[in-house]
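So this is what it looks like as structure tokens:
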């Protein structure tokens, strides 16, 4: 066992650290982390951060050098997530583009698609979203009903997507639609790369329980796509989607490191808050709870390292990712709930009147999505049960 | 970055499992519980002959000089079969203590014998006071009389004292409640007369004794480490021992997950295997998740003791507090998945529950270990 990084990896870490210190918004590292609430201003803020990342060569780091990436190794990608979590860097607006759509186009896209899309994904000129879920296709993703019908060399798209992150800020969308209704439901889907700035596409933001508007409904009314926008082959969209998801190698690392940071902040919170004049960290019951969270947080990190080791040794990630996702989202939710309890009777004061930092209230509410987005805990448990333990599959219709 | 067992360690795991299966696997424990103590002697001899008792003994004393991490797979396998015998006490307490603090004479006397499978150690630490895990609880006294110590007092919860060749006994040579004044004595059972009283333990795979010392004479050369400064030495040994106990618990959890999974695949109700019902399969997933958490923490604890890392105390206490509770939960869930059969003496489910409950508060309760984590982190 060896927890150390190689010299090359350490150099990579130092380079990124230095760059972050020089390029994060002023005061960010010292804790003055302000992202505008207003959606338009927030969009501008995130685009600006994306532009900086791209210019600094810190977008799409795993891409091959010939396409403008760094050819980063899996470990370097992990270090990248670790450093970003350490400074709580702003979200990467074009993460769908750089982490998934770009690599998918490079793998199975046409030469024309590579030429058209790749440079603009990397430089952040075009922001991407991903149109998967629908009102009636959540956990049962293969039930998508949004339809594309071919007319000449054009496709006419009708239907609705939902939970599309940053759709309102995106320029293009990787869209999964039904093109054939006659066979099994996993067949007959096609993936398109579509233009979001057209008449037939309308996005409406969804107000979430944390009073933010990061998710959207997207309506398609005779929206147009062309043959040249098909990724892979027509009616092969399910496999193309799996290819897309397989490129998300470090999503779990991102969650794991975020949780380590949240735990450190939880301890700081307990040091800051007082009861009867004593810091909460001196309360024996609080110490017990925090020590318990500490063990679980570390367990998550070490389990991630074990699974990473397997991925490095075998060259591919296994179904263990579902265990990490399940464990981190459940634990994150519990930890933030505990942070709320620590706040005492002022726990529900938020925004400008928050007792300590409004991000606690915001993150607490946000954590309810952890166990839903990207596959609910129930779906993850099915995956672990069936693919790791070999238990019987659920009955499916 | 590499966080997994290496090839050699994986081989240890396979060899141990094959050996234990060849000896009857869980039947070893069942047979021992029914009074056939010979099975545990045969097991010890067999493991000695395979060279497993010398894994962490230095080469110069007949072992192969590996560390705590190499014991992890072996203890996991022992936990899977809830085997009887003071293996953790001998390999993960006596060996590191002798290696680090033993005199040359002590090393020569004990280490080669351990590695040949010819000497068993146990720990006689607990006393009947209510100050568990604190130095104040150690009240057994040892007074210097010339070249000897005169030991007076009694110890409880001494595992396998009936078959142990040497007891490691924390005694008080000075002070009354402080860390100062505690010394460790190596007491060979064939050299003294001890009063052993067997106690009825719910975990019948681990025989427990109370041991009374009535003016027992021990040569002063049997002092392990310096006089009166034995407390930190004891803690050092307990880090190793608790890390090893975690691995045995992880092995037990691993077995309960296997048992529950296997049962859920084969037991049918409502015309289908019960493992198809999410209420059942998700419960097993929760067991699996807790198992892997415990395993990750136990690997790290073993890594920390092997490398004598700065966070050794915290690493061990994190693993111990989490694993002790998780093992109880997993053993309980396994009974639930087995339904009525899990409640029978005949099925093996209860062996794991009882081992888990025994270990819960032995050498530090989860609460004690969590407080250790808190204070180690400077909270």
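Protein chains in written order, with the working numbering: chain A, 1 to 397; chain B, 398 to 776. Note that CB positions come from ideal geometry on N, CA and C, so glycine has one too. The structure displayed is predicted, hence computed values, not measured ones.
Taking the alpha helix (DSSP H) that residue 764 (chain B) falls in, what are its first and last residues?
As a position in the second chain, residue 764 (chain B) is number 367, starting the count at 1. Run containing residue 764 (chain B): 763-773, per the alpha helix (DSSP H) assignment.
Discussion item. Quick check on DSSP: helix, strand or coil for residue 59 (chain A)?
Written reply: Within the first chain, numbered from 1, the residue matching residue 59 (chain A) stands at position 59. Shown here, residue 59 (chain A) sits in coil according to DSSP, grouped into three states, outside any helix or strand.
So, residue 336 (chain A) versus residue 346 (chain A), is the Cβ gap smaller than 8 Å?
Position 336 of the first chain, counted from the first residue, corresponds to residue 336 (chain A). Position 346 of the first chain, counted from the first residue, corresponds to residue 346 (chain A). Not in contact: residue 336 (chain A) and residue 346 (chain A) (Cβ atoms no closer than 8 Å).
Worksheet entry | Residue range of the unbroken beta strand (DSSP E) whose run includes residue 220 (chain A) | Position 220 of the first chain, counted from the first residue, corresponds to residue 220 (chain A). Taken as a continuous stretch (DSSP letters only), the beta strand (DSSP E) holding residue 220 (chain A) covers 215-226.
* Answer yes or no: does any C-beta atom of chain B fall closer than 8 Å to that of residue 75 (chain A)? => For the purposes of this step, residue 75 (chain A) is taken as residue 75 along the first chain, with counting starting at 1. Yes, contact with chain B.
Worksheet item: Using DSSP with H/G/I as helix, E/B as strand and the rest coil, what is residue 523 (chain B)?
Response: Start at 1 with the first residue of the second chain, and residue 523 (chain B) comes out as number 126. Coil at residue 523 (chain B), not helix or strand.
Open item on the list: In the DSSP assignment, the beta strand (DSSP E) including residue 105 (chain A) goes from what residue to what residue?
Closed with: Numbered from its first residue, the first chain carries residue 105 (chain A) at position 105. Note, residue 105 (chain A): premise wrong, no beta strand (DSSP E); alpha helix (DSSP H) at 102-108.
Discussion item. When you compare the CB of residue 400 (chain B) with every CB in chain A, is at least one pair closer than 8 Å?
Written reply: Counted from its first residue, the second chain places residue 400 (chain B) at position 3. Residue 400 (chain B) counts as touching chain A.
Assumed close pair residue 87 (chain A), residue 28 (chain A) - CB separation to whole angstroms, cut-off 8 Å: Residue mapping note: residue 87 (chain A) aligns to position 87 of the first chain, counting from 1. Residue mapping note: residue 28 (chain A) aligns to position 28 of the first chain, counting from 1. Contact flag correct, Cβ pair sits at about 7 Å.
Taking Cβ-Cβ distances shorter than 8 Å, what residues in chain B pair up with residue 400 (chain A)? Residue 400 (chain A) lies beyond the range of chain A shown here (1 to 397); nothing can be said about it.
Do you know how far the Cα of residue 489 (chain B) is from the Cα of residue 465 (chain B)? Taking the first residue of the second chain as 1, we reach residue 465 (chain B) at position 68. Taking the first residue of the second chain as 1, we reach residue 489 (chain B) at position 92. One Cα belongs to residue 465 (chain B), the other to residue 489 (chain B), and the distance between them is close to 8 Å.
Item checked: Proximity test, Cβ basis, 8 Å: residue 760 (chain B) and chain A -> By one-based count along the second chain, residue 760 (chain B) stands at place 363. Chain A, which has no Cβ nearer than 8 Å to the Cβ of residue 760 (chain B), makes this no.
* Whole-number beta carbon distance between residue 483 (chain B) and residue 561 (chain B), since they are thought to touch under 8 Å -> Walking along the second chain from the start, residue 561 (chain B) turns up at place 164. Walking along the second chain from the start, residue 483 (chain B) turns up at place 86. Indeed, because the Cβ distance is near 6 Å, the residues count as touching under 8 Å.
| message | On the criterion of 16 or more Cβ atoms from any shown chain inside 10 Å, does residue 735 (chain B) qualify as buried, or is it exposed? | response | Here residue 735 (chain B) is taken as the residue at index 338 of the second chain, counted from 1. Note on residue 735 (chain B): 16 or more other CB atoms within 10 angstroms of its CB, so buried under the neighbour-count rule.
If I measure Cβ to Cβ from residue 703 (chain B) and keep anything under 8 Å in the same chain, skipping five residues before and after, which residues do I get?
Position 306 of the second chain, counted from the start, is the residue given in the question as residue 703 (chain B). Contacts found: 464, 465 and 466.
Coarse secondary structure for residue 402 (chain A), derived from DSSP in three states: Any property of residue 402 (chain A) remains undetermined from this structure, which presents chain A solely from 1 to 397.
Q | Nearest to residue 701 (chain B) (by Cα), restricted to the options B:687, B:689 and B:716 | A | Taking the first residue of the second chain as 1, we reach residue 701 (chain B) at position 304. Checked all of B:687, B:689 and B:716; the closest Cα to residue 701 (chain B) is B:716.
Query raised in the report: Can you name the residues of chain B whose CB is closer than 8 Å to the CB of residue 285 (chain A)?
Result: Walking along the first chain from the start, residue 285 (chain A) turns up at place 285. By Cβ distance, chain B contributes nothing, its closest Cβ being about 10 Å from residue 285 (chain A), past 8 Å.
- Does any residue of chain B bring its CB to less than 8 Å from the CB of residue 366 (chain A)? Sequence index remark: in the first chain, residue 366 (chain A) carries index 366 (1-based). So no, residue 366 (chain A) is outside the interface.
Chain B partners of residue 293 (chain A), CB-CB under 7 Å? Reading the first chain from its first residue, position 293 is the one you call residue 293 (chain A). The premise fails here: residue 293 (chain A) is roughly 10 Å from chain B at the closest Cβ pair, so nothing lies under 7 Å.
Requested in this report: Go to residue 120 (chain A), then tell me how far its alpha helix (DSSP H) extends in each direction, as first and last residue.
Outcome: If you number the first chain from 1, residue 120 (chain A) lands on position 120. Counting along the chain, the alpha helix (DSSP H) containing residue 120 (chain A) begins and ends at 111-122.
Margin query: Along the segment 733-757 of chain B, where does the CB come closer than 9 Å to a CB of chain A? Name the residues.
Written below: Residues are counted here when their Cβ sits less than 9 Å from a Cβ of chain A; for the segment 733-757 of chain B the count is zero.
Return the residue from the list A:272, A:318 and A:280 that minimises the CA-CA distance to residue 245 (chain A). If you number the first chain from 1, residue 245 (chain A) lands on position 245. The residue with the shortest Cα to Cα distance from residue 245 (chain A) is A:318.
By a C-beta neighbour count over all protein chains shown, 10 Å radius and 16 as the cutoff for buried, is residue 651 (chain B) buried or exposed? Here residue 651 (chain B) refers to the residue found at position 254 of the second chain. That one is buried.
**OP:** Tell me, to the nearest whole angstrom, how far the beta carbon of residue 23 (chain A) is from that of residue 56 (chain A); I am working on the premise that it is less than 8 Å.
**Re:** For the purposes of this step, residue 23 (chain A) is taken as the residue at position 23 of the first chain. For the purposes of this step, residue 56 (chain A) is taken as the residue at position 56 of the first chain. About 6 Å separates the two Cβ atoms, so the contact holds.
Hey, out of B:434, B:498 and B:492, whose CA is closest to residue 630 (chain B)'s CA? Locating residue 630 (chain B) in the second chain gives position 233, counting from the first residue. Closest option to residue 630 (chain B), Cα to Cα, is B:498.
- Item | Contacting residues, own chain, Cβ-Cβ under 6 Å from residue 766 (chain B) (five flanking each side not counted) | Stepping through the second chain from its first residue, residue 766 (chain B) is reached at position 369. Here the set comprises 714, 717 and 718.
task: Identify every run of the beta strand (DSSP E) within the segment 501-589 of chain B, keeping only runs that are complete inside it and at least 3 residues long; order them along the chain.
output: Here the runs fully enclosed are 518-520, 538-542, 545-556, 563-569 and 579-585.
For residue 549 (chain B), which of B:532, B:567, B:533 and B:556 has the nearest alpha-carbon? In the second chain, the residue the question calls residue 549 (chain B) occupies position 152. With distances taken between Cα atoms, residue 549 (chain B) lies closest to B:567.
Could you have a look at residue 606 (chain B) and say whether DSSP puts it in helix, strand or coil? Here the question's residue 606 (chain B) lines up with position 209 in the second chain. For residue 606 (chain B), the three-state secondary structure derived from DSSP is strand.
Point to revise | Residue span of the alpha helix (DSSP H) that contains residue 256 (chain A), given as start and end | key: Reading the first chain from its first residue, position 256 is the one you call residue 256 (chain A). Here the alpha helix (DSSP H) through residue 256 (chain A) covers 251-272.
**Message:** Which residue wins for smallest C-alpha separation from residue 74 (chain A), given the options A:14, A:131, A:311 and A:394?
**Reply:** Indexing the first chain from 1 puts residue 74 (chain A) at position 74. It is A:311.
| request: Rounded to whole angstroms, what's the CA-CA distance from residue 350 (chain A) to residue 364 (chain A)? Just pull it up for me. | output: Start at 1 with the first residue of the first chain, and residue 350 (chain A) comes out as number 350. Start at 1 with the first residue of the first chain, and residue 364 (chain A) comes out as number 364. Answer to the nearest angstrom: the Cα atoms are 11 Å apart.
I want to verify the contact list: residues of chain B whose CB lies under 9 Å from the CB of residue 261 (chain A), in sequence order. Translated into positions along the first chain, residue 261 (chain A) becomes position 261. Those within 9 Å of residue 261 (chain A) in chain B number zero; the least Cβ separation is about 16 Å.
- Task: Pick helix, strand or coil for residue 149 (chain A), following the three-state DSSP scheme.
- Result: Locating residue 149 (chain A) in the first chain gives position 149, counting from the first residue. Per DSSP, reduced to three states, the secondary structure at residue 149 (chain A) is strand.
Have a look at the DSSP bridge pairing and note the partners of residue 189 (chain A). The residue given as residue 189 (chain A) occupies position 189 in the first chain. Paired residue(s): A:178.
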